DNA sequence: CGATTTTATATTTCAAGCAACATAATTGCA
DNA sequence: TGCAATTATGTTGCTTGAAATATAAAATCG
């Protein structure tokens with residue numbers, strides 16, 4: 069770390085941004101086989117875990133707003149991965165349910181996190197520790213002031 | 069880390085992605101004062117360090133391709149932060165030079181990395197270690213296979 | 001009960017990212 | 001030398017992200 073010459077490489081923000089995109093690039097060929105984009109894969113991670121969700125909940129879990137989610141979920145609906153419907157109780161709420169077609173992708177997607185584990189060159193325990201550190205940092209950044 | 073129930077939170081790729089965006093959000097009001105977007109700020113980090121660069125070099129340093137850089141650099145040129153010109157030696161090469169206006173932003177931007185350091189709740193030494201870990205992970209991911 | 005506020009989602013607009021393709025300059029080699 | 005391959009950048013089309021704004025349903029309160 070060079071204190072005098074503050075290069076790109078010494079900026080944690082850039083490392084996080086660049087590393088995140090490097091993982092996207094590694095995932096892309098795997099996701100292409102499933103006809104998914106990376107954010108769509110994240111939505112499915114949620115739905116594989118809990119069958120259904122609302123836009124509000126997805127927005128909170130993924131920290132994406134409706135301007136991102138609404139068109140993305142419409143695309144996913146049109147490719148048959150999920151169904152969107154207004155809640156009967158409260159018509160403001162849009163419920164998103166995974167379909168059989170969406171559920172079928174779960175087993176085919178298992179290789180995706182596995183590929184990161186493999187290519188990382190790190191042990192599971194180290195990856196878990198790194199994950200914890202990053203989540204703690206994210207919480208600090210979000211809750212600051 | 070739940071092995072049975074592989075939730076979003078346990079995915080390192082998501083933590084990196086979400087943390088990166090959390091930092092963008094924290095930086096946004098600071099960058100707004102400079103009329104910069106985050107990727108534009110990254111370009112300036114390079115140019116503050118080395119006065120000029122080429123699209124090829126910026127592409128390599130930032131891992132962004134010409135489809136992203138060309139329009140972004142044109143916007144930065146039209147806001148007076150830099151000048152683009154074809155190299156005389158090799159007309160394929162576009163050289164990007166920082167202007168006085170671009171250079172003036174350097175001191176005003178010092179608060180930006182400082183704000184991350186402050187809000188992170190971590191010591192400089194820990195941040196440096198985390199940066200190193202992430203860069204190593206990125207290298208592994210990029211060089212795998 | 002009716003007006004106001006809040007909540008949930010949608011729309012619009014702009015700026016990335018990136019793949020695929022296009023173009024023009026330069027290199028290299030038969 | 002001449003032409004094919006390579007290199008550097010640009011363009012197009014599609015998908016995020018996110019702010020600002022709009023809309024409609026539900027909750028709240030006098």
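Chains as they are written, first to last, in this note's numbering: chain Y, 69 to 213; chain B, 69 to 213.
Note that the Cβ used here is the ideal one computed from N, Cα and C, for glycine as well.
All of these numbers come straight from a predicted model, not from anything done at the bench.
Here residue 113/B really is in contact with residue 76/Y; their C-beta atoms are around 5 Å apart, less than 8 Å.
Residue 202/B is classed as buried because its beta carbon has at least 16 other beta carbons within 10 Å across all chains shown. In the DSSP assignment, the residues bridged to residue 165/B are 120/B, 151/B. In terms of Cα proximity to residue 126/B, the closest of 199/B, 152/B, 178/B is 152/B. Put simply, the CB of residue 100/Y is far from chain B, with every gap to its CB atoms at 8 Å or more.
Chain order gives the chain Y residues near residue 86/B as 131, 206, where near means a beta carbon separation below 7 Å. Contact between residue 161/Y and residue 120/Y is absent: CB atoms are separated by about 11 Å, not below the 8 Å threshold. Taking 8 Å as the threshold, the shortest C-beta distance from residue 123/B to chain Y does not fall below it. The three-state reading of DSSP puts residue 156/Y in coil, since its state is none of H, G, I, E or B. Distance from the CA of residue 145/Y to the CA of residue 212/Y, rounded to the nearest whole angstrom, comes to 37 Å.
Secondary structure at residue 189/Y: coil, using DSSP grouped into helix, strand and coil. Judged by their CB atoms, residue 91/Y and residue 209/B are nearer to each other than the 8 Å cut-off. Taking residue 123/B as the centre and dropping the five residues before and after it, the same chain places the C-beta of 134, 137, 138, 141, 161, 162, 164 closer than 8 Å to its C-beta, in chain order. Beyond the five residues adjoining it in sequence on each side, residue 187/B comes within less than 8 Å, by CB distance, of 94 in the same chain, given in chain order. Put simply, of 174/B, 159/B, 178/B, 103/B the residue whose alpha carbon is nearest the alpha carbon of residue 143/B is 103/B. In the displayed model, residue 80/Y falls within a helix according to three-state DSSP. Judged by their CB atoms, residue 189/Y and residue 169/Y are not nearer to each other than the 8 Å cut-off. Taken atom to atom, the span from the alpha-carbon of residue 88/B to that of residue 81/Y is near 7 Å.
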